[in-house]
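Note that the protein sequences, when read in sequence, are chains G and Z.
Note that numbering that gives the first Met the number 0 has the first sequence beginning at 0, numbered continuously upward.
Note that numbering that gives the first Met the number 0 has the second sequence beginning at 0, numbered continuously upward.
Using N, Cα and C, we set each Cβ at its ideal position, and we do this for glycine too.
Working notes, structure below.
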Amino acid sequence: MDSLIFLFLVQDGATNGAIYALLGLALVLVFAVTRVIFIPQGEFVAYGALTYALLATGRVPGTVWLLPAMGLAAFAIEMIGKGSRMSGREIATDAATHIGLPVVVVGATFALADKSASALTNVLLTLAMIMPLGPYLYRIAFQPVADSTVLTLFTTAIGVHLAMTGLGLAMFGAEGLRAGPLTDARMEIGPLMLTGQNIAVYVATVALIAGLWVFFEKSLYGKALRATAVNRVGARLVGIRTSLSGGLAFGLAAAIGAASGILIVPMTTVYYDSGFIIGLKGFVAAIIGALASYPGTALAALFVGVVEAFASFYASNLKEVIVFMLIVPVLVWRSLGAVHDDEEE
Amino acid sequence: MTALLDIENVFVRYGQVNAVRSLSLHVEPGEIVTVIGANGAGKSTLLNAAMGLLHADGGLRFDGADISSWGIERRVESGLCLVPEKRELFGAMSVADNLILGGFRVEPTERTRILASVYERFPRLAERRKQLAATLSGGERQMLAMGRALMSKPRLLMLDEPSLGLAPRIVADIFDIVRKLREAGVSILLVEQNARAALNVADRAYVMELGEVILSGGAQQLASDPRVAASYLGLH
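Take a look at the structure:
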C-alpha cells in the first residue's frame, strides 16, 4: 500500500470514528445515569439524518407528528401516575414541556420548512424535533421500570429499538436519503483533500465533547447527572429527582444522535434502519471504554473507525465482522481482570 | 406549638416483616431527640421512612403538613434532611461539588452564602475542597455528609449513626457539632448505638426494641433508668 492510500484510510476512519465517539459517549452517559444499555441510540441517528434530509428538500418530515404524539403520551402517563398529588404549578410546567413545546416546534416547522431555508435553520429544526423525543421516550418506556435490573432495562431497550425502527419505516419510507453537504468549503493538507463535511464532522465532534465537558464539570445540572451516576441514593437525598436526571441524559443522547445523523447524511445514504449498525459501532467503543470512561470511549471510537476503514479496503465483505470482533479480546481481557460485581442482587 | 416532626402510629413493612410497628414519636422545634436501641431495632428504617426512602403507613407530619404522599425532593425542599448511616457521598466527585449538590434545591446566591458558612463550620472541608470525597478519612466523610446536609437549609436534621466507625476523639467533635447546630436553630433527630454519647447530648430520648418504642422520656431521666443502664450503657 502506498502512503497516500494509508492517509486516505486514516482520514476516512477518523471521520467515522468521530461519529462513533459521539455515539459512544452518549451510550456511556445514558448507562451511567440510568443503567440502560441504550440500543435505540442509532435510531436517533437515522431520525436525525432523515429529518434533516427531508427538510433540506423543503418537505415536512413525519417526525414532526411523532413529537406531539409522544409528548402527549408522556404527559398522560405522568398525570395518571401522580397528577392528583401534583401542585398546579407542577402540572403547568409539565403541560408546557410535554404539549406546549411540541406545538411550538410543529408550528415552527411548518412556517420554516422550505427549499430555500438555510442549512442552519434545518439543523436547528431537526434538533428541536428529535431532542425532546429523548425525555419523552424515557418517561414512556424507561421510567416505569427505572428500578428494575439491567437485564429488564436492556430488554426494554430492545423493544424500543424495534418500535422506533418500525416507526421510522412508517415515517420515512423504505427509500434511503442523502443530503447536500453542510458547507462547500474545501481544504488541502498535503496530498489530502478535506471536504467541508469532513471539517464539519471534526469541528462538531470536538465542540460537542467540549460542550459536554463544560456541562458536566461546571453546571449544576451536569453535576447532578454525575451525582446520580455515582450514587443514586445520595442524589435522591439531596433532592435530585432521578427521573429528571434520566430525562436529561436521554435528551442529551437524542441530541447527540440527531447531530450525528445530520453530520453523516451528506456522506452516505441513510435508510430508516441504518442507525442500528452505526449505533452498534459506537457501542463497541463504549464497551472498550468499559461503559464508564469518557476519554477511553472517545479513543476507542477513533480506533474502531480506523479499523473499519482498513477492513473495508482489504476485506470489504468482512468489514462488519472485523469491527465487531474487536469486542471479543476486550471482553476476554476484562473477564480475566475483573472482580465479579454482582449488581443484580 | 405544633411539633416539627410528628410521627403517629406508623408501620413500615419489608414484605411480611414489620420493621417498625405502631410507632409514635415527635420532635419539637429546637430539640435534640435521640432514638437508641440495639442493631436491628428498626431505628434506621424509621429515619428512612420519615425521609421517604421507604414507604410507611400511618401519620407523618412535618411542620403541620401531611407529608406522607410527598416525594423525597419535596421533603428536602421543606427542610427535612437525612444523613444516612452509609453517608452516601458522591465519592468520585470533589468535596466542593458534594457540598454544592447538597444545595441543589436552594437558590444560587443563597447556595454560595451557605457554602461559605459550611466551610466556616468545617474548616477541614475548606482545606480539602478540591479533593475527591472517596479519598477522605472516616471523620472527614462524616463532616462532609453533615456539611452536605446543611447545604439544603434543613430545619430538621436526621442523623443515622453519625459516630459509627469513628475514633473517640472524632466522635466527641461530631457531638460537639450537633450541639452547635441546635444553637444555630436546627432541630435534630439522632439515631445512635452509642447510647451514652447520644443521651448526653439529647433533650429527650426514645428506646426502640424490635420495631417498637418501649421507653421514652427526658434524656437524663432515661440515662439513669436501670433498664437502659443495663441494656444500653453497659456496666462499669
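With the rule of 3 Cβ pairs closer than 8 Å, the stretch 295-307 of chain G does not count as touching the stretch 78-89 of chain G. Excluding five sequence positions before and after arginine 178 of chain Z, the CB atoms of its chain that fall closer than 7 Å to its own CB belong to Val200, given in chain order.
When C-alpha distances from arginine 231 of chain G are compared across G:Tyr46, G:Ala145, G:Val329 and G:Val331, the shortest belongs to G:Ala145.
A straight line joining the alpha-carbon of tyrosine 19 of chain G with that of alanine 300 of chain G spans about 5 Å. Residue range 4-13 is occupied by the beta strand (DSSP E) that includes glutamate 7 of chain Z.
At a Cβ-Cβ threshold of 8 Å, glutamine 40 of chain G and glycine 256 of chain G count as neighbours. In the DSSP assignment, glutamate 139 of chain Z falls within the alpha helix (DSSP H) that extends over 137-149. With respect to the 8 Å criterion, aspartate 159 of chain Z and isoleucine 31 of chain Z are not classified as neighbours on the basis of their beta carbons.
Shown here is that no member of the stretch 154-172 of chain Z has a Cβ falling below 8 Å from a Cβ of chain G. Per the DSSP secondary-structure output, serine 215 of chain Z pairs in a beta bridge with Z:Tyr205.
Residue state for aspartate 56 of chain Z is assigned as strand, using DSSP reduced to three classes. CA-to-CA, the gap between valine 29 of chain G and tyrosine 231 of chain Z works out to about 48 Å. Under the three-state reduction of DSSP output, phenylalanine 61 of chain Z falls in the strand class. Not a single C-beta of chain G is nearer than 8 Å to the C-beta of glycine 137 of chain Z. Taking 8 Å as the CB threshold, methionine 207 of chain Z stays off the interface with chain G.
Only those residues of the stretch 111-134 of chain Z whose C-beta falls short of 8 Å from the nearest C-beta of chain G would be listed, and there are none.
Bridge partners of serine 186 of chain Z according to DSSP: Z:Leu155. Interface flag for alanine 226 of chain G against chain Z is set, since a Cβ pair is found closer than 8 Å. Contact between lysine 222 of chain G and aspartate 65 of chain Z does not hold, since the beta-carbon distance rounds to 32 Å and is not under 8 Å. Going by C-alpha positions, glutamate 106 of chain Z is about 14 Å away from valine 237 of chain G. Contact note: phenylalanine 103 of chain Z reaches chain G through Leu219, Ala223, Val237, Gly238 and Ile239, using a C-beta cutoff of 8 Å and chain order.
Counting only runs that start and end inside the stretch 148-236 of chain G, the beta strand (DSSP E) elements of at least 3 residues fall at 185-188 and 191-194.
Taken through DSSP and simplified to helix, strand or coil, serine 93 of chain Z comes out as strand. A residue is called buried once 16 or more other Cβ atoms fall within 10 Å of its Cβ, and serine 68 of chain Z, having fewer, is exposed.
Within the same chain, Cβ atoms closer than 8 Å to the Cβ of isoleucine 321 of chain G are found at Val306, Glu307, Ala310 and Ala314, the five residues on either side in sequence being excluded.
Per DSSP, the continuous alpha helix (DSSP H) segment holding isoleucine 286 of chain G begins and ends at 274-287.
In this structure phenylalanine 5 of chain G is exposed. Its beta-carbon is surrounded by fewer than 16 other beta-carbon atoms within 10 angstroms. Within a 10 Å sphere around the beta-carbon of serine 162 of chain Z sit 16 or more other beta-carbons, which makes this residue buried. Contact between the stretch 272-291 of chain G and the stretch 58-67 of chain G is absent, with fewer than three C-beta pairs closer than 8 Å. Taking leucine 79 of chain Z as reference, the option from Z:Gly90, Z:Leu59, Z:Leu98 and Z:Ser93 with the minimal CA-CA separation is Z:Leu59.
Per DSSP, the unbroken alpha helix (DSSP H) holding asparagine 47 of chain Z starts and ends at 42-50. Assigned with DSSP and collapsed to three states, glycine 39 of chain Z falls in coil, not helix or strand. By the rule that beta-carbons nearer than 8 Å mark a contact, arginine 147 of chain Z touches chain G.
With the rule of 3 Cβ pairs closer than 8 Å, the stretch 205-212 of chain Z counts as touching the stretch 29-45 of chain Z. For serine 186 of chain Z, not one C-beta of chain G is nearer than 8 Å to its own C-beta.
Counting the other Cβ atoms within 10 Å of the Cβ of glycine 57 of chain G gives fewer than 16, which makes it exposed.
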